[in-house]
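Enquirer: Take a look at the following structure, please.
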Amino acid sequence: MKSLALFATLVTGALLLFGTKDFPAWGDPQSPASTYLSPVYIEQAVAQTHVPNIVTAVLGDYRGYDTMFETVVIYCAGIAVLSVLSRNREDEE
Amino acid sequence: MRDINEHTPGEDLIIKAAVRLLVPFAQLFGLYVVVHGHYSPGGGFQGGVILGAAFIMLALAFDMKTSQQYMTIGVNAAFNNLGAAIFVGVGVLCALFGGLFLDYSALDKLIPLGPVEWRSFGIFLVEVGVGFTVMSIMVLLYWNLSSAGSMKEGL
Numbered sequence: 010m011k012s013l014a015l016f017a018t019l020v021t022g023a024l025l026l027f028g029t030k031d032f033p034a035w036g037d038p039q040s041p042a043s044t045y046l047s048p049v050y051i052e053q054a055v056a057q058t059h060v061p062n063i064v065t066a067v068l069g070d071y072r073g074y075d076t077m078f079e080t081v082v083i084y085c086a087g088i089a090v091l092s093v094l095s096r097n098r099e100d101e102e
Numbered sequence: 017m018r019d020i021n022e023h024t025p026g027e028d029l030i031i032k033a034a035v036r037l038l039v040p041f042a043q044l045f046g047l048y049v050v051v052h053g054h055y056s057p058g059g060g061f062q063g064g065v066i067l068g069a070a071f072i073m074l075a076l077a078f079d080m081k082t083s084q085q086y087m088t089i090g091v092n093a094a095f096n097n098l099g100a101a102i103f104v105g106v107g108v109l110c111a112l113f114g115g116l117f118l119d120y121s122a123l124d125k126l127i128p129l130g131p132v133e134w135r136s137f138g139i140f141l142v143e144v145g146v147g148f149t150v151m152s153i154m155v156l157l158y159w160n161l162s163s164a165g166s167m168k169e170g171l
């Protein structure tokens, strides 16, 4: 069973590594992300949001959903730890 | 149950004095990082972690009870729910005022500041919510993990 798990892990890892072959080169100015999305943020973020820090503008405004669910993930982590570890008052003593 | 007079590692006069001096500055710096996220690296996550670290420092240098004098378990629960509610609430409010979910410029109809200013201010509101949640969850995780869930006595 363990060797099967190892095999599955290796195959999945190999597939993922194989998939990275099709990625654009690191920092390629012709890649889709650099040709149409990043320039819009860089050119218009300050005018559209009045936030000098583009990272904050992208994080809080353009990618608001992402940030919201990041917060929810942290919230869920806290609630999960609380519900798993926390002991009831009756259990004490 | 540990003897109160027993000298435990970490319960040291120098550490206690240093933490007592350090905590207000750590909290001030945390608030600075939260509110200055528009102009410098920072924001709700980073500032919230620094604010939470201030309470964790208190719990480490003194004990869990001391840190719970400054932030009770109830206040902690209120903060982490409030933070998440602020974020989602701002988003819902935007939708109620005719924009898209989390489109802060729609809040211009509520208080006329200008749509662009509102996008800036909306980010700030949301960051404050993130800061509340991250701060209290960090403290909550520390309390629970270091005391095996009793939240009474731990490291």
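So the protein sequences, as listed, match chains A and B.
Each residue of the first sequence is one higher than the one before, counting from 10 in this note's numbering.
Each residue of the second sequence is one higher than the one before, counting from 17 in this note's numbering.
Quick reminder that beta carbons are idealized off the backbone N, C-alpha and C, glycines included.
1. Return the Cβ separation of V81 (chain A) and A111 (chain B) in integer angstroms, given the expectation that the two are a contact with Cβ distance under 8 Å.
2. Starting from the beta carbon of T88 (chain B), find every residue of chain A whose beta carbon is closer than 8 Å, and list them in chain order.
3. Specify the secondary structure class of F103 (chain B) as computed by DSSP and reduced to three states.
4. When you compare the CB of S40 (chain A) with every CB in chain B, is at least one pair closer than 8 Å?
5. For V81 (chain A), would you say it is in contact with chain B, using Cβ-to-Cβ distances shorter than 8 Å as the test?
6. Less than 8 Å between the beta carbons of R135 (chain B) and T58 (chain A), yes or no?
7. Can a CB atom of chain A be found closer than 8 Å to the CB of V91 (chain B)?
8. Looking at the unbroken alpha helix (DSSP H) that takes in N160 (chain B), where does it start and where does it end?
9. Between which two residues does the alpha helix (DSSP H) holding Y48 (chain B) run?
10. Nearest to Q167 (chain B) by alpha carbon, out of B:I72, B:L123, B:G58?
11. Which same chain residues, not among the five before or five after L74 (chain B), have their C-beta less than 8 Å away from its C-beta?
12. Indicate whether the contact test is met: 3 or more Cβ pairs, each with one atom in the stretch 108–127 of chain B and one in the stretch 40–58 of chain B, closer than 8 Å.
13. Just how far apart, CA to CA, sit L19 (chain A) and S43 (chain A)?
14. In angstroms with no decimal places, state the Cα-to-Cα distance between V132 (chain B) and R72 (chain A).
15. Which of the three DSSP states is assigned to I83 (chain A) in this structure?
16. Given that Y74 (chain A) touches chain D, what residues does it touch there, using C-beta distances under 9 Å?
17. Would you verify that the beta carbon of L47 (chain B) is, or is not, closer than 8 Å to some beta carbon of chain A?
Expert: Taking the coordinates as given:
1. Numbered from 1 along the first sequence, position 72 holds the residue referred to as residue 81 (chain A). Numbered from 1 along the second sequence, position 95 holds the residue referred to as residue 111 (chain B). No, V81 (chain A) and A111 (chain B) are not in contact; Cβ-Cβ is about 17 Å, not under 8 Å.
2. Within the second sequence, numbered from 1, the residue matching residue 88 (chain B) stands at position 72. Correct list: empty, because the minimum Cβ distance to chain A is about 15 Å.
3. Looking up residue 103 (chain B) in the second sequence gives position 87. It is helical.
4. Position 31 of the first sequence holds residue 40 (chain A). Output row for S40 (chain A): interface = no.
5. The residue you call residue 81 (chain A) lines up with position 72 of the first sequence. With 8 Å as the cut-off, V81 (chain A) counts as an interface residue toward chain B.
6. Translated into positions along the second sequence, residue 135 (chain B) becomes position 119. Translated into positions along the first sequence, residue 58 (chain A) becomes position 49. Contact: yes.
7. One-based indexing of the second sequence puts residue 91 (chain B) at position 75. Taking Cβ atoms only, chain A never reaches closer than 8 Å to V91 (chain B), which makes this a no.
8. Here residue 160 (chain B) refers to the residue found at position 144 when the second sequence is read from its first residue. N160 (chain B) -> alpha helix (DSSP H) spans 131–162.
9. Here the question's residue 48 (chain B) lines up with position 32 in the second sequence. 29–51 is the extent of the alpha helix (DSSP H) around Y48 (chain B).
10. Walking along the second sequence from the start, residue 167 (chain B) turns up at place 151. Looking at the sequence itself, residue 167 (chain B) is Met, so the reference to Gln does not match. Cα-wise, what sits closest to M167 (chain B) is B:I72.
11. Position 58 of the second sequence holds residue 74 (chain B). Result list for L74 (chain B): V35, V39, T82, S83, Y86, in chain order.
12. no
13. The sequence position of residue 19 (chain A) within the first sequence is 10, counting from 1. The sequence position of residue 43 (chain A) within the first sequence is 34, counting from 1. Cα atoms of L19 (chain A) and S43 (chain A): separation of roughly 32 Å, rounded to the nearest angstrom.
14. The residue you call residue 132 (chain B) lines up with position 116 of the second sequence. The residue you call residue 72 (chain A) lines up with position 63 of the first sequence. If I take the Cα positions, the gap works out to 16 Å.
15. Looking up residue 83 (chain A) in the first sequence gives position 74. Three-state DSSP puts I83 (chain A) in a helix.
16. Of the protein chains in this structure, namely A and B, none is chain D.
17. Taking the first residue of the second sequence as 1, we reach residue 47 (chain B) at position 31. It does not: the Cβ of L47 (chain B) has no partner Cβ on chain A nearer than 8 Å.
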